[in-house]
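Participant: I am attaching a structure below and will ask some questions about it afterwards.
Number of protein chains: 2
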Amino acid sequence: MIERRDVFQAIADPTRRMIIQKLLRGPLNIGQIVEDSGITRQGIAKHLKVLNECGMVILTQKGREQFCEARLDKLDEVVDWVQASRKMWNQRFEKLDKFLANTKK
Amino acid sequence: MIERRDVFQAIADPTRRMIIQKLLRGPLNIGQIVEDSGITRQGIAKHLKVLNECGMVILTQKGREQFCEARLDKLDEVVDWVQASRKMWNQRFEKLDKFLANTKK
DNA sequence: TATAAATACAACCATTTGGTTGTGCAAGTT
DNA sequence: AACTTGCACAACCAAATGGTTGTATTTATA
């Protein structure tokens, strides 16, 4: 099992997706993310660490508070993978079509 | 920790993404997936079980062989989530623009 | 019929994950 | 100065994950 801390893994956890959702309207500090989350501050902090390590959340200290801001750029990686997969998948049918077209001749 | 077996979790594992990739060109039986994977048949079988449970791979018995076929439809869920997130994220800037436009008056 | 091939099922194992509590420390507030 | 707020760090824990080996079963094939 290799060390893997990528976007795919980051968004795999529902709690982390919830955090991302909360951050979409603007930066929050940890306390605000914790509110109504049903998870302890430390739990949230751990998730933020993961999200930060894979570049999905940037953290900036502001006095004693730490502001968390979402970064969606990395999601490109996920969409790209899906699109590439779909492309290859569709080529499969195109080849089949060509084959059928040839056999008809 | 709730039982979660969704597409997000399914594609989080690199080995499972590798399996999907292999299946894009057409259905394969387990043995063919195992080839050059560096993982035992049982390991692959476990991953296939996960992929099957979340609807990303369909398994059909054919004699003594079991054919595995990719199903990309479920990836919509992932793309949809990303698109929705991006949309909300962009609205944040639109609101800021409107605010700035108003203050200029 | 004996044997090989393809798989299923179960037990096991180390590591990771997702969470907790508890302690301590820095930064504002009263 | 005393107190509160916000957070970091560490230890701990149960469950899940990602893999293994070992055994049994079914299906082709020589």
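From first to last, the protein sequence lines are chains A and B.
Per my numbering, the very first residue in the first sequence carries number 1; after that it's consecutive.
Per my numbering, the very first residue in the second sequence carries number 106; after that it's consecutive.
C-beta atoms are modelled at their ideal positions from N, C-alpha and C, and glycine is treated no differently.
So what does DSSP say about Leu-86/B, is it helix, strand or coil?
Facilitator: With chain B covering only 106 through 210, there is no way to say anything about residue 86/B.
Participant: Using a cut-off of 8 Å between C-beta atoms, extract the partners of Arg-191/B located in chain A.
Facilitator: Here residue 191/B refers to the residue found at position 86 when the second sequence is read from its first residue. What Arg-191/B touches in chain A: Leu-72, Leu-75.
Participant: Using 8 Å for Cβ pairs, my map puts Ile-149/B next to Ile-135/B. What's the rounded Cβ distance?
Facilitator: Here residue 149/B refers to the residue found at position 44 when the second sequence is read from its first residue. Here residue 135/B refers to the residue found at position 30 when the second sequence is read from its first residue. That pair is a contact at about 6 Å.
Participant: Taking 9 Å as the CB-CB cut-off, is Gln-42/A touching chain B?
Facilitator: Residue numbering aside, residue 42/A sits at position 42 when the first sequence is read from its first letter. False, the Cβ-Cβ gap to chain B never drops below 9 Å.
Participant: Apart from the five residues just before and just after Arg-41/A, which ones in its own chain have a Cβ nearer than 8 Å to its Cβ?
Facilitator: Numbered from 1 along the first sequence, position 41 holds the residue referred to as residue 41/A. Answer for Arg-41/A: Ile-30, Gly-31, Val-34, listed in chain order.
Participant: Figure out for me which residue from Leu-51/A, Ile-39/A, Trp-89/A, Glu-77/A has the closest Cα to the Cα of Glu-69/A.
Facilitator: On the first sequence, position 69 is the one that residue 69/A refers to. Closest option to Glu-69/A, Cα to Cα, is Leu-51/A.
Participant: Going by other Cβ atoms of all chains shown within 10 Å of its Cβ, with 16 needed for buried, is Phe-198/B buried or exposed?
Facilitator: Your numbering for residue 198/B matches position 93 in the second sequence. Looking at its Cβ environment, which holds fewer than 16 other Cβ atoms inside 10 Å, Phe-198/B is exposed.
Participant: Which residue marks the beginning of the beta strand (DSSP E) containing Ala-175/B, and which one marks its end?
Facilitator: To locate residue 175/B, count along the second sequence from 1; it is residue 70. 170-175 is the span of the beta strand (DSSP E), which, as asked, contains Ala-175/B.
Participant: On the DSSP bridge list, what partners appear for Leu-28/A?
Facilitator: Against the first sequence, residue 28/A aligns to sequence position 28. Answer by DSSP bridge pairing, in chain order: Cys-68/A.
Participant: If the cut is a Cβ gap below 7 Å, which residues of chain A does Gln-114/B touch?
Facilitator: To locate residue 114/B, count along the second sequence from 1; it is residue 9. Correct list: Ala-12.
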